[in-house]
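Novice: In full-length UniProt numbering, the protein residues as written are 1 to 401.
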Amino acid sequence: MAEMNEYYTRLLGNYLNNACSPQQVEELLQWLQQDVANRLLLKQLQAEFQEAMDSNAEVPAHISDRVRTRLLKAVQPPASRTYKLLFYRAAAAAILLLLLGAGLFYFGRKAAVKNGSSQTASTPPVQTTLPKKTGAFITLANGEQIELNKTGNGRVTGHGAVNIIKLADNRITYDSTVNNKGAVAYHTLTVPRGIKMVQLTLADGTLVWLNTASSIKYPTTFTGNERRVQLTGEAYFDVKHDAAKPFSVLTKNITVNVLGTRFNVSAYDDDVQSNVVLEKGSVALSAKSAGGTLTKQLVPGNLGSFETGAQNIAVASVNTEEYVSWKMGYLIFKQAPLELIVKRVSRYYDVQINTSVLAHSDETFSGRLDLQNSIDEVMNLVCLGTSYMYLPNQQKLAVRK
């Protein structure tokens, strides 16, 4: 049953984007005609799912069970043949939304069939355009660059009194046993657009997850009575506690000061707004305005936001998972504007998507996007149930016809 649902999920998506062959359309229509008699169930499932989304709660497990056991009884087709085709398109959208909404958004998508061994000749091919796995680089104090995808695990280089160690799973650390009493050297780790995030362990033991299209400048060892790093883009920090040495993250528009805590900073140059989300501990968020320096204390669960040219720092209580899920390999959105979502997806896959049709759109998206999927799959899911469709060959959104 699970494999069948996986296949028809893809088939429905292709149908909605006019990418089905005549044989596949016939197969889809036959599937929709099988014992479809209970539209009330569909409405109930959609209502329960939306209620769970609105309340920030997890979707109840019984919704997923109903999807599996009564999926083919979700809709009642109209009697008139004139409207059957339009009905089946609407039914396809509704059932696909149900499949992806209750199955993918909050229960996680099932792994794809390995090696295609269970796929039939009529099964549409799965997209393979995945984000790149490597490509980050470290710029040393003398300007030399080390491309991480060209080095194996182990000691990358011994530069001066510093040993850089590359570990498995895109992790970088510095050998803390090296005696470094000379001048402090600064390195910069850069993760270009379309490149998988890198985990960095700083000299004090602080962990940093650096997101795509981001860079961080840091000393190879922390001296004096403070610890400072400079960030462009987005990173998640798990700061090693040291009351004698406060830790500071400096960006173009904001500064975050902490002792030991876990938080996320998003400060891309092409974003109007800079955000800090706190998961544990406390932080002081500072920003410069025309009237002087602004400062706000954040507590766990707070989102601190500052817009360029603003006269205040906005603070709100949020579900932090929506802001830090990227470091686990997926993105979570709740009623987020489509343009914002496309911008984040574009960064991750390094694809420039034309969104001019969204200039006056107020449509939103709620759900979970698996970043291991292809950009075609991700964008088709984002557009599902909206007035728009993704045209991969033209790398743009268009109004659905």
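Using N, Cα and C, we set each Cβ at its ideal position, and we do this for glycine too.
#1: Do you know offhand how far residue 382's Cα is from residue 199's?
#2: Let me confirm a value: residue 292 is counted as buried when at least 16 other C-beta atoms fall within 10 Å, else exposed. Which label applies?
#3: Does DSSP classify residue 269 as helix, strand or coil?
#4: Can you check the segment 266-318 for any beta strand (DSSP E) of at least 3 residues that lies completely inside it and give the ranges in chain order?
#5: Mark residue 174 as exposed unless 16 or more other C-beta atoms lie within 10 angstroms of its C-beta, in which case mark it buried.
#6: Go ahead and pull the three-state DSSP assignment for residue 347.
#7: Specify the secondary structure class of residue 424 as computed by DSSP and reduced to three states.
#8: CA-CA distance, residue 226 and residue 339?
#9: Please tell me whether residue 370 and residue 323 are closer than 8 Å, where the distance is taken between their beta carbons.
#10: How would you label residue 367, buried or exposed, when you count the other beta carbons within 10 angstroms and need 16 or more for buried?
#11: For residue 187, list the residues DSSP reports as bridge partners.
#12: Quick one: give me the first and last residue of the beta strand (DSSP E) that residue 321 is part of.
#13: Counting Cβ pairs, one atom from each stretch, are 3 or more of them under 8 Å apart for the segment 304-316 and the segment 230-244?
#14: The beta strand (DSSP E) spanning residue 197 covers which residue range?
#15: Thinking C-beta only, is residue 222 closer than 8 Å to residue 245?
#16: Rounding to the nearest angstrom, what Cα-Cα distance links residue 220 and residue 263 in this structure?
Specialist: Answer, in terms of the structure:
#1: If I take the Cα positions, the gap works out to 28 Å.
#2: Label assigned to residue 292: exposed.
#3: In the three-state scheme derived from DSSP, where H, G and I count as helix and E and B as strand, residue 269 is classed as coil.
#4: Listed in chain order, they are 273-280, 283-289, 292-298, 302-307, 314-317.
#5: A buried status is given to residue 174, since no fewer than 16 other beta-carbon atoms sit within 10 Å of its beta-carbon.
#6: If DSSP states are grouped into helix, strand and coil, residue 347 belongs with the helices.
#7: A query on residue 424 cannot be resolved here, the shown segment of the chain reaching from 1 to 401 and no further.
#8: Between residue 226 and residue 339, the alpha-carbon positions lie close to 39 Å from each other.
#9: No, these two residues do not count as a Cβ contact at 8 Å.
#10: Residue 367 should be labelled buried.
#11: DSSP output for residue 187 lists 218 as bridge partner(s).
#12: Segment 321-324 is the alpha helix (DSSP H) holding residue 321; no beta strand (DSSP E) there.
#13: With the rule of 3 Cβ pairs closer than 8 Å, the segment 304-316 does not count as touching the segment 230-244.
#14: Residue 197 -> no beta strand (DSSP E), and no H or E assigned at all.
#15: At the C-beta level, residue 245 and residue 222 come within 8 Å of one another.
#16: Rounded to the nearest angstrom, the gap between the Cα atoms of residue 220 and residue 263 is 22 Å.
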